[in-house]
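J.: In terms of the numbering used here, the sequence shown opens at residue 4 and continues consecutively.
Every residue gets a Cβ at the ideal spot worked out from N, C-alpha and C, and that includes glycine.
Here it is: the structure, laid out below.
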Amino acid sequence: MQLFKPTTLSAAILTASMSAAHADVNVVASIKPVHSLVAGVMQGVGTPSLIIEGAGSPHSYALKPSQARQLQNADLIFWMSHDLEAFLEKSIEGIAANATAVALADSHGIKKLAFREGGAFDAHDHGDHDDHGHDEHEEHGHDDHDDHGHDDHDKHEEHGHDEHDEHGHDDHDKHEEHGHDDHDEHGHDDHDEHDHGEFDPHVWLDPINAKAMVHEIEEALSAADPANAAAYEANAEKMMGDLDNLVAEITADLRPVKDKGFIVFHDAYQYFENRFGVSAVGSITVSPEVMPGAQRISELQEKVNSLDGTCVFSEPQFEPKLVSTVTENTNAGTGVLDPLGTSIDNGPELYFTLIRNMSYSIKDCLTD
4 MQLFKPTTLS
14 AAILTASMSA
24 AHADVNVVAS
34 IKPVHSLVAG
44 VMQGVGTPSL
54 IIEGAGSPHS
64 YALKPSQARQ
74 LQNADLIFWM
84 SHDLEAFLEK
94 SIEGIAANAT
104 AVALADSHGI
114 KKLAFREGGA
124 FDAHDHGDHD
134 DHGHDEHEEH
144 GHDDHDDHGH
154 DDHDKHEEHG
164 HDEHDEHGHD
174 DHDKHEEHGH
184 DDHDEHGHDD
194 HDEHDHGEFD
204 PHVWLDPINA
214 KAMVHEIEEA
224 LSAADPANAA
234 AYEANAEKMM
244 GDLDNLVAEI
254 TADLRPVKDK
264 GFIVFHDAYQ
274 YFENRFGVSA
284 VGSITVSPEV
294 MPGAQRISEL
304 QEKVNSLDGT
314 CVFSEPQFEP
324 KLVSTVTENT
334 NAGTGVLDPL
344 GTSIDNGPEL
354 YFTLIRNMSY
364 SIKDCLTD
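As structure tokens, this is what we get:
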């Protein structure tokens, strides 16, 4: 059999076509949901690397030397913000200073919600890493959360529009200044240095917010790798359509349990609740690092007993024994919610599976 041996011209054409189909940028993503959205936009072109694998929590993660090298070699870094991944802030400003870092929590069109507090959601003194749960949001889903109040984000005054689909913007480079002073609600390894900001950073749990993130990802990738801009744009358009379909699917699935309350391990789910009309009525602890005392547990047991048939949800990365303590001598069911997709295979489908799994868990536990 005669093997094909490319001529100089054919080899040049082949090389050019291959380079156009392969990303010329080194892309890093912080957490699994972000990695999934980036992987979806890059599908067929390249694969991003991931910092936090498995059950690692962005609230308390410590960067490994190999991951520091990943950041040092990166061209693009996608993360939520230092509100969630404070451990990345110094690295992005230091060893990764030559990379373009995109804080997706500040994507154009993101609808942000203030922390909840009051009732079975702990009050916050904005200095002790109690990162969840604030007052004007006890109704889980207001259209009046759209003014994000960021001192350094006047350019984002249009965030939080109900329609979220107007992502055609040309101000991507405005989103690359990180470590914003008004978003320090999650002090992690160095949390004593940070004061809490106003907004809950778990924005990815609303698929409409994920659409805004996808658009931001596409713009950043296209700017860094214009040879593959058409592929990124096509992938992003497909993903945004799939996210719209996901919203319709989950809305229908959860409709039968919309009026049933449940308790969560820590208050990370109001974006999901707001989008799909379900309601957490309390949290076991507002921060993964702050364990509740006896009085808090007693309050939560009273809350559980007052809600006949309610569920209490743990998370895979945290100790489930606490949930057992709260539900002791109650009729409450238990379940698991995983906001990071810790057990789901990495890739473009992870985000969709994560949202579906949360829906399945809530519906299954709340269904009589």
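Check the C-beta distance from residue 107 over to residue 94 and give it rounded, since I have them as a contact under 8 Å.
T.: In fact, because the Cβ distance is near 17 Å, the residues do not count as touching under 8 Å.
J.: Thinking C-beta only, is residue 212 closer than 8 Å to residue 358?
T.: no
J.: What runs of the beta strand (DSSP E), each 3 residues or longer, lie entirely inside the segment 211 to 271?
T.: 264 to 267
J.: Determine the direct distance from the alpha carbon of residue 318 to that of residue 346, and round the result to whole angstroms.
T.: Separation of residue 346 and residue 318 (C-alpha to C-alpha, rounded to the nearest whole angstrom) is 11 Å.
J.: What are the start and end residues of each continuous beta strand (DSSP E) run of 3 or more residues lying completely inside the segment 329 to 365, in chain order?
T.: 336 to 339
J.: What's the C-alpha gap between residue 356 and residue 344?
T.: 8 Å
J.: Drop a sphere of 10 angstroms on the beta-carbon of residue 35, count the other beta-carbons inside from all chains shown, and report buried for 16 or more, exposed for fewer.
T.: Buried: at least 16 other Cβ atoms inside 10 Å.
J.: Could you check how far apart the C-beta atoms of residue 266 and residue 307 are, in whole angstroms? I think they sit under 8 Å.
T.: 6 Å
J.: Can you tell me which of the three DSSP states residue 293 falls into?
T.: strand
J.: Could you check the C-alpha separation between residue 48 and residue 217 for me, to the nearest Å?
T.: 16 Å
J.: Going along the chain, which residues of its own chain have a beta-carbon closer than 6 Å to the beta-carbon of residue 88, five neighbours each way excluded?
T.: 33, 61, 82
J.: Can you give the Cα-Cα distance for residue 180 and residue 103, rounded to whole angstroms?
T.: Here the model assigns residue 180 a pLDDT of 40, short of 50, so the residue's position is not dependable and the matter cannot be decided.
J.: With DSSP as the reference, label residue 303 as helix, strand or coil.
T.: In the structure shown, the three-state DSSP call for residue 303 is helix.
J.: Cβ atoms of residue 210 and residue 258: under 8 Å apart, would you say?
T.: no
J.: Determine the direct distance from the alpha carbon of residue 101 to that of residue 342, and round the result to whole angstroms.
T.: 31 Å
J.: Confirm, please, whether the CB-CB distance from residue 40 to residue 220 is below 8 Å.
T.: yes
J.: So what does residue 79 bridge to, in DSSP terms?
T.: 30, 103
J.: Mark residue 354 as exposed unless 16 or more other C-beta atoms lie within 10 angstroms of its C-beta, in which case mark it buried.
T.: buried
J.: Within its chain, find whatever has a CB closer than 7 Å to the CB of residue 46; leave out the 5 residues flanking it on each side and keep chain order.
T.: 238, 351
J.: Tell me, please, which residues DSSP counts as bridged to residue 53.
T.: 32
J.: Looking only at its chain, what residues have a beta carbon closer than 6 Å to the beta carbon of residue 263, apart from the 5 residues adjacent to it on each side?
T.: 369
J.: Please tell me whether residue 271 and residue 205 are closer than 8 Å, where the distance is taken between their beta carbons.
T.: yes
J.: By a C-beta neighbour count over all protein chains shown, 10 Å radius and 16 as the cutoff for buried, is residue 58 buried or exposed?
T.: exposed
J.: Considering only the alpha carbon of each residue, which of 77, 109, 243 lies closest to residue 96?
T.: The candidate whose alpha carbon is nearest that of residue 96 is 77.
J.: Which same chain residues end up closer than 7 Å to residue 208 when comparing Cβ atoms and leaving out the 5 residues on each side of it in sequence?
T.: For residue 208, where only same-chain residues beyond five positions count, the Cβ hits under 7 Å are 272, 274, 275, 342.
J.: Give the secondary structure of residue 285 by DSSP, where H, G and I count as helix, E and B as strand, and everything else as coil.
T.: strand
J.: Quick one: give me the first and last residue of the beta strand (DSSP E) that residue 316 is part of.
T.: 314 to 317
J.: Whole-angstrom Cβ separation of residue 37 and residue 79, contact assumed at under 8 Å?
T.: With a Cβ gap of about 12 Å, residue 37 and residue 79 do not count as contacting.
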